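Heads up: the sequence lines are chains A and B, in that order.
Just so you know, we're using UniProt numbering here: the first sequence kicks off at 1 and counts up by one.
Just so you know, we're using UniProt numbering here: the second sequence kicks off at 1 and counts up by one.
As structure tokens, the structure follows; a few thoughts come after it.
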Amino acid sequence: MEKNNLDSLDTIFQDKVDREIKIEPKDYMPDAYRKTLIRQISQHAHSEIVGQLPEANWVTRAPNLRRKAVLLAKIQDEAGHGLYLYSAVETLGADREDTIDDLHEGRAKYSSIFNYPTLTWADMGMVGWLVDGAAIMNQVPLCRCSYGPYARAMVRVCKEESFHQRQGFEIVTQLAQGTPVQKEMAQEALNRWWWPALMMFGPNDADSTHTAQSMKWKIKRHTNDELRQMFVDATVPQAELIGLKIPDNDLKFNEETGHYDFGEIDWDEFWQVVKGYGPCNTERVSARKKAKEDGLWVREAANVYAEKRARRNKKVS
Amino acid sequence: MTKQEALFEFLLRKADDSLILGHRLSEWCGHGPILEEDIALTNISLDLIGQATELYKYAAEVEGKGRTEDDLAFLRIEREYKNVLLVEQLNGDFGKTIVRQFFFDHFEHLLYEGLMNSTDERISAIATKTIKEIKYHLRHSSEWVIRLGDGTEESHNRVQASVTDLSRFINELFFQDEVDEILINEGIIPDVKTFRVAFENNMNKILEEATLSLPEEKWQLSGGRKGVHSEHLGYLLAELQYMQRTYPGMEW
Ligand SMILES: [Fe+2]
Ligand SMILES: [Fe+2]
Chain A
1 MEKNNLDSLD
11 TIFQDKVDRE
21 IKIEPKDYMP
31 DAYRKTLIRQ
41 ISQHAHSEIV
51 GQLPEANWVT
61 RAPNLRRKAV
71 LLAKIQDEAG
81 HGLYLYSAVE
91 TLGADREDTI
101 DDLHEGRAKY
111 SSIFNYPTLT
121 WADMGMVGWL
131 VDGAAIMNQV
141 PLCRCSYGPY
151 ARAMVRVCKE
161 ESFHQRQGFE
171 IVTQLAQGTP
181 VQKEMAQEAL
191 NRWWWPALMM
201 FGPNDADSTH
211 TAQSMKWKIK
221 RHTNDELRQM
231 FVDATVPQAE
241 LIGLKIPDND
251 LKFNEETGHY
261 DFGEIDWDEF
271 WQVVKGYGPC
281 NTERVSARKK
291 AKEDGLWVRE
301 AANVYAEKRA
311 RRNKKVS
Chain B
1 MTKQEALFEF
11 LLRKADDSLI
21 LGHRLSEWCG
31 HGPILEEDIA
41 LTNISLDLIG
51 QATELYKYAA
61 EVEGKGRTED
71 DLAFLRIERE
81 YKNVLLVEQL
91 NGDFGKTIVR
101 QFFFDHFEHL
111 LYEGLMNSTD
121 ERISAIATKT
131 IKEIKYHLRH
141 SSEWVIRLGD
151 GTEESHNRVQ
161 ASVTDLSRFI
171 NELFFQDEVD
181 EILINEGIIP
191 DVKTFRVAFE
201 NNMNKILEEA
211 TLSLPEEKWQ
221 LSGGRKGVHS
231 EHLGYLLAEL
241 QYMQRTYPGM
251 EW
């Protein structure tokens, strides 16, 4: 295509975005926009799938029938989110299995939070309350993302995420109101999960490479720091309500700004986990890889059987 | 044995079947061979845990000693679990999980059809709700048996090996004792002997389409209904009961 032509297509595209008209799969979009979306949506899909693992770690040890069922249903939702998101990636011309291979070969990332271990039952509460809580902050604005299929997938996902956050908070509340042992279990878990949850929003705005462009394309609506602040403001009163202490001595409500001030995140830890050296990076990726490898014969059988059937049907008709 | 005792025992047996199999299937969560099957196995697991909950609730009421559904599910010792041996067997590969499910679903389908006509209203209500779930499970496991049996050479060999291996647990599904006698006389449960032939015909029809077959030799195990299990159950219970045993008497 002529350069002039492309320029005008880009202008039309940006104009649509500015006017909040959704971009659909068959519409023109700049290559960089497509690439950014493929990267972001597939990372999001991987996060849902890898995110099953820390919670699946407690399914067989859930303390009663109701908790077992709720936890299982919650993890199943996450698998469903993965499915919608992989479908959204495919509308951009990427192949689901290829993007999964990228994950398995370390070429694609997923949310670092899932590289932390779930060590006690209280962690099921923390994951729901804090991790799903932070995910909601990130995902609600994505319901208005400029790319139609992603925005629509997010609408479905967000409905379920609020149930996830509630079931987590319910677990934590039960513990906080329980015996001293249970209360301690909850506090200890909060101590471990609080900072990693804040890291879920990514680097500070000053260090965030993609934010400005993503905001211009209306893939992103808020900066990392804005979202992190929203999360802190929403979560601190919840912790106070149930009598748990946020492990941050610098945390203080600022009357002037109307927001909570909070301490500095340990960015060394953040980058270490992002680069693959968190507590469970190796375990998470190898569990997913193993599932795919162990399932290879099943997928082959299903394909071969489908072909046989199609052939037989052809003969009959 | 009184009618009440027999009813309690029957409910425990069926609740334990559902709980233990539901637990086994939940072990697949996050590790399924494809995402769609991860979701499907979790679905079936959820149905089974839901069924177990209903049955334990009723069992606890029938017993009338103030125990709850959770007490029954989590706080008995190994010999007090009355599930059939089939459901506690290890998941193995996906094909083995499917074959285990296939045998179980075929039995459950006929049993619950009978239970829908139970003279016990609570049981017939539970059965009417459960039969819908079982029909879905049955369709799911049967379709996979066909796919894997008539798929590749590898899948055929794998799934045939599982059919052969697990077939020794089939007969126990039809176990009967005094408990059943009392309840059959009361019209509370069907006599499973009456659908043994249908069970075998239904299964064989699908196995044939799948190019699979049950072994000639009828080597049969039992013991589960009397609380004598395979070595696998103890480990399963160690996980299942971990929280309740470690933190006695707490609410979660
Ligand atoms: Fe999710
Ligand atoms: Fe979630």
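All C-beta atoms in this analysis are idealised placements derived from N, C-alpha and C, irrespective of residue type, glycine included.
The model shown is predicted, which means the values in this text are computed figures rather than measured ones.
| query | result |
| --- | --- |
| Local Cβ density within 10 Å of residue 219 (chain B), reported as buried at 16 or more and exposed below that | exposed |
| Backbone CA spacing between residue 207 (chain A) and residue 270 (chain A) [nearest angstrom] | 13 Å |
| Close Cβ partners of residue 301 (chain A) (< 8 Å) along its chain, the five nearest in sequence each way excluded | none |
| Limits of the alpha helix (DSSP H) - the one that residue 308 (chain A) falls within | 296 to 316 |
| Proximity winner among B:32, B:87, B:206 and B:37, relative to residue 231 (chain B) (alpha-carbon distances) | B:87 |
| Assigned exposure category for residue 149 (chain A) - 16 Cβ within 10 Å defines buried | buried |
| Neighbourhood of ligand 2 [Cβ distance below 5 Å to any heavy atom], ordered by chain position | A:132, A:161 and A:164 |
| From B:73, B:76 and B:149, residue whose alpha carbon lies closest to that of residue 305 (chain A) | B:149 |
| Proximity of residue 175 (chain A) and residue 92 (chain A) at Cβ, strictly below 7 Å | no |
| C-beta neighbour in chain B for residue 51 (chain A), strict 7 Å | no |
| Segment contact, 8 Å Cβ cut-off, at least three pairs: the stretch 159 to 167 of chain B with the stretch 120 to 131 of chain B | no |
| Neighbourhood of residue 192 (chain B) by C-beta distance below 7 Å, restricted to the same chain and skipping five residues each side | 111, 174 and 176 |
| Members of the stretch 278 to 302 of chain A that neighbour chain B once the beta carbon cut-off is set at 9 Å | 287, 288, 290, 291, 292, 294, 295, 296, 297, 298, 299, 300, 301 and 302 |
| Proximal residues of chain A, C-beta to C-beta of residue 23 (chain B) below 7 Å | 60 |
| Which residues DSSP lists as bridging residue 81 (chain B), in chain order | Residue 81 (chain B) is not bridged to any residue. |
| Spatial distance of residue 68 (chain B) from residue 203 (chain B) (CA atoms) | 37 Å |
| The stretch 15 to 22 of chain A in contact with the stretch 77 to 86 of chain A per 3-pair CB rule at 8 Å | no |
| Residue 81 (chain A) CB to nearest heavy atom of ligand 1 below 6 Å | yes |
| Cα-Cα separation, residue 84 (chain A) to residue 226 (chain A) | 27 Å |
| Straight-line Cα distance separating residue 265 (chain A) from residue 335 (chain A) | Not covered by the structure: residue 335 (chain A). The range shown for chain A is 1 to 317. |
| Residue 100 (chain B) to residue 144 (chain A) span [Cα, whole Å] | 46 Å |
| beta-carbon residue 78 (chain A) near ligand 1 non-hydrogen atom, thresh 6 Å | yes |
| Neighbour flag for residue 305 (chain A) against chain B, beta carbons, 7 Å | yes |
| Proximity to residue 223 (chain A) [Cα-Cα], best of A:88, A:212, A:187 and A:132 | A:212 |
| Contact belief for residue 146 (chain B) with residue 209 (chain B) at Cβ below 8 Å, rounded distance in angstroms | 5 Å |
| For residue 263 (chain A) and residue 251 (chain A), believed in contact at Cβ under 8 Å, the rounded distance | 7 Å |
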